[in-house]
Each structure stands twice: as C-alpha cells, then as structure tokens.
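Colleague: Input: one structure, supplied below.
In the numbering used here, the protein residues as written are 2 to 70.
Dropping the structure here:
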C-alpha cells in the first residue's frame, strides 16, 4: 500500500504563516515625500488631491507601486 504525499503551502495555512492577516505598514517622512519627484510619490500626491482629505469607507487607501516581492 502506498500513500500519496500531501501538498502543503505555507501561505495557505494561517497556523504556519505568522504574517497571515497582517497588513504591511510603511512610513515615510511627509516632508521628504512632498518634495519627492519619483513617480510613485507624484502618483500618491495626485491621489491625495483627489481624495481631498477624506478616507474611503474602508478607512484606508491602498497604493501599490509594484515594487517589492
């Protein structure tokens, strides 16, 4: 009798993944961000203008640049 090996993924199992359910938090010096000329900062500045100081119902704005893992 043989048994098939079970396939496991760490990301699919919250009991194994210590980061499951956590949102990454990034902080930036606002003065430096306001003066930055790089496109992610320019896009964030434009987004802030469109929001006019108001947050959406979910309570936050998610801005993804595509940088990172």
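Positions of the beta carbon are idealized from the N, C-alpha and C atoms, including for glycine.
These numbers were taken from a predicted model, which means no experiment stands behind them.
Taking only the alpha-carbon atoms, compute the straight-line gap between residue 24 and residue 63 and give it to the nearest angstrom.
Modeller: Counted from its first residue, the chain shown places residue 24 at position 23. Counted from its first residue, the chain shown places residue 63 at position 62. Cα to Cα, residue 24 sits roughly 10 Å from residue 63.
Colleague: Helix, strand or coil for residue 47, going by three-state DSSP, please let me know.
Modeller: Within the chain shown, numbered from 1, the residue matching residue 47 stands at position 46. Three-state DSSP puts residue 47 in a helix.
Colleague: Report back the beta-carbon spacing between residue 42 and residue 34 to the nearest angstrom; my notes put them in contact at under 8 Å.
Modeller: Indexing the chain shown from 1 puts residue 42 at position 41. Indexing the chain shown from 1 puts residue 34 at position 33. Right, the Cβ-Cβ distance comes to about 6 Å (below 8 Å), so this counts as a contact.
Colleague: Rounded to a whole number of angstroms, what is the C-alpha to C-alpha distance between residue 53 and residue 68?
Modeller: On the chain shown, position 52 is the one that residue 53 refers to. On the chain shown, position 67 is the one that residue 68 refers to. Each residue's Cα considered, the two are about 26 Å apart.
Colleague: Leaving aside the five residues before and after residue 19 along the sequence, list all residues of the same chain whose C-beta is less than 7 Å from its C-beta, in chain order.
Modeller: One-based indexing of the chain shown puts residue 19 at position 18. Correct list: empty, nothing qualifies.
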